[in-house]
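One structure is given here, and the rest of the page talks about it.
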Amino acid sequence: MPCIQTKVNVGISPEKEETLKKELGNAIALIPGKSDSWLMLTFEDNCRIAFQGNSQEPAAFVEVKIFGKAPDSAYEALTAEITKILGRELGVGAKRIYVKYEEVQHWGWNGGNF
Amino acid sequence: MPCIQTKVNVGISPEKEETLKKELGNAIALIPGKSDSWLMLTFEDNCRIAFQGNSQEPAAFVEVKIFGKAPDSAYEALTAEITKILGRELGVGAKRIYVKYEEVQHWGWNGGNF
Amino acid sequence: MPCIQTKVNVGISPEKEETLKKELGNAIALIPGKSDSWLMLTFEDNCRIAFQGNSQEPAAFVEVKIFGKAPDSAYEALTAEITKILGRELGVGAKRIYVKYEEVQHWGWNGGNF
Numbered sequence: 000m001p002c003i004q005t006k007v008n009v010g011i012s013p014e015k016e017e018t019l020k021k022e023l024g025n026a027i028a029l030i031p032g033k034s035d036s037w038l039m040l041t042f043e044d045n046c047r048i049a050f051q052g053n054s055q056e057p058a059a060f061v062e063v064k065i066f067g068k069a070p071d072s073a074y075e076a077l078t079a080e081i082t083k084i085l086g087r088e089l090g091v092g093a094k095r096i097y098v099k100y101e102e103v104q105h106w107g108w109n110g111g112n113f
Numbered sequence: 000m001p002c003i004q005t006k007v008n009v010g011i012s013p014e015k016e017e018t019l020k021k022e023l024g025n026a027i028a029l030i031p032g033k034s035d036s037w038l039m040l041t042f043e044d045n046c047r048i049a050f051q052g053n054s055q056e057p058a059a060f061v062e063v064k065i066f067g068k069a070p071d072s073a074y075e076a077l078t079a080e081i082t083k084i085l086g087r088e089l090g091v092g093a094k095r096i097y098v099k100y101e102e103v104q105h106w107g108w109n110g111g112n113f
Numbered sequence: 000m001p002c003i004q005t006k007v008n009v010g011i012s013p014e015k016e017e018t019l020k021k022e023l024g025n026a027i028a029l030i031p032g033k034s035d036s037w038l039m040l041t042f043e044d045n046c047r048i049a050f051q052g053n054s055q056e057p058a059a060f061v062e063v064k065i066f067g068k069a070p071d072s073a074y075e076a077l078t079a080e081i082t083k084i085l086g087r088e089l090g091v092g093a094k095r096i097y098v099k100y101e102e103v104q105h106w107g108w109n110g111g112n113f
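Structure representation (structure tokens):
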């Protein structure tokens, strides 16, 4: 029951999206108990994003939402990995990427809550 | 002070949006103290959403944000109802729908906070 | 490490976006320890938003996400300021604006977490 939502101000081609799906699918396993088999991903490209007043250079806002909790070290590792992925695949600099985490207590799937 | 945000990877026609507005407006009353008279709804259709690596079949990510707290049973009932609505109106299968809840402590309206 | 995400059902011209960037950049300083130098902004215009069943009139859903916590009075002041800005620049009435706050414990930037 994790969800990673990626907003970037650059384009994401369908091919890049496939690559991102695979790589984020691997990355989520850095959170104990989470895997690609429960992962939902959303992608929004060409967003209007400004960071430090600058909306010209590539930038990303990534929201990682997980059911339950995880140790700080897992979030650290996931931030490092997501930052690498977005840098390599979309050319977003590490200093222009925020990764925000939300630990969720109530999460529904298949008509019921976990 | 609830808000239901619906992201789907299928289209939502203006007619369907009207239907969803009515049905979600009724559903929110499953949360004690909440009603359509304070409900904000946002709809995003044709989103890029992948679940379990699959972005072909219909899928939905729904975020329910409420001011304050509610009993687990209310969230259970709302998940069931939202899942039914999205299945019936948009053809999204229950196993492709996440409904995530956020209990909010600070919420502003009309220039001040509740 | 704050982020303000603005969704409105009216258009935001590039010129208005520049104005909003400056004004929200000033407003964030109402939260102790926060400033434009760490602020990320996202803008989504022409969104599908309904409030109290009405999707015709201008409406806005603003999410303020901050790393850590702030006193209630700071959130009060920021709600008042954001509401003024959206009214003046985009013509959204105060009674059609929600400003929702999220206090975040885990937040990454530059490949690591704060």
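Protein chains in written order, with numbering that gives the first Met the number 0: chain A, 0 to 113; chain B, 0 to 113; chain C, 0 to 113.
For every residue, glycine included, the Cβ atom is placed at its ideal position computed from N, Cα and C.
- In this chain, the beta strand (DSSP E) harbouring residue 96 of chain A covers 96-103.
- Residue 84 of chain C is positioned such that its CB atom lies no closer than 9 Å to that of residue 38 of chain C.
- Excluding the 5 residues flanking it on each side, residue 102 of chain A has same chain C-beta neighbours closer than 7 Å at 65, 67 and 68, in chain order.
- The beta carbon of residue 2 of chain C lies closer than 6 Å to those of 39 and 64 in the same chain, with the five residues before and after it left out.
- For residue 53 of chain A, the closest C-alpha among the options C/21, C/0, C/100 and C/90 is that of C/21.
- In the DSSP secondary-structure assignment, residue 7 of chain A is bridged to A/59.
- When CB distances to chain A are screened at a threshold of 8 Å, not a single residue of the region 20-44 of chain B falls below it.
- In this structure, DSSP gives residue 1 of chain B an extended state, which the three-state scheme calls strand.
- In the DSSP annotation of this structure, residue 76 of chain B is not part of any beta strand (DSSP E); the continuous alpha helix (DSSP H) holding it starts and ends at 71-89.
- Per the DSSP secondary-structure output, residue 42 of chain B pairs in a beta bridge with B/5 and C/47.
- Within the model, the alpha-carbon separation for residue 99 of chain A versus residue 72 of chain C is close to 24 Å.
- Proximity of the region 23-36 of chain A to the region 28-47 of chain B falls short of the contact definition, fewer than three beta-carbon pairs being nearer than 8 Å.
- Counting C-beta pairs with one atom in each stretch, the region 73-92 of chain C and the region 3-19 of chain C have three or more that are closer than 8 Å, which means they touch.
- Within 10 angstroms of the beta-carbon of residue 107 of chain B lie 16 or more other beta-carbons, which makes it buried.
- By the rule that beta-carbons nearer than 9 Å mark a contact, residue 78 of chain B touches chain A.
- Assignment of beta-bridge partners to residue 107 of chain C by DSSP yields A/98 and C/112.
- Taking residue 110 of chain A as reference, the option from B/78, B/109 and B/104 with the minimal CA-CA separation is B/78.
- Close CB contacts of residue 14 of chain B within its chain, under the 7 Å cut and outside five residues either way in sequence, are absent.
- Beta bridge pairing from DSSP links residue 65 of chain B with B/1 and B/102.
- Among the residues of the region 85-107 of chain B, those with a Cβ less than 9 Å away from any Cβ of chain C are 101, 103, 104, 105, 106 and 107, in the order of the chain.
- Between residue 59 of chain B and residue 11 of chain B a beta carbon distance of about 11 Å is seen, past the 8 Å cut, so the two are scored as non-contacting.
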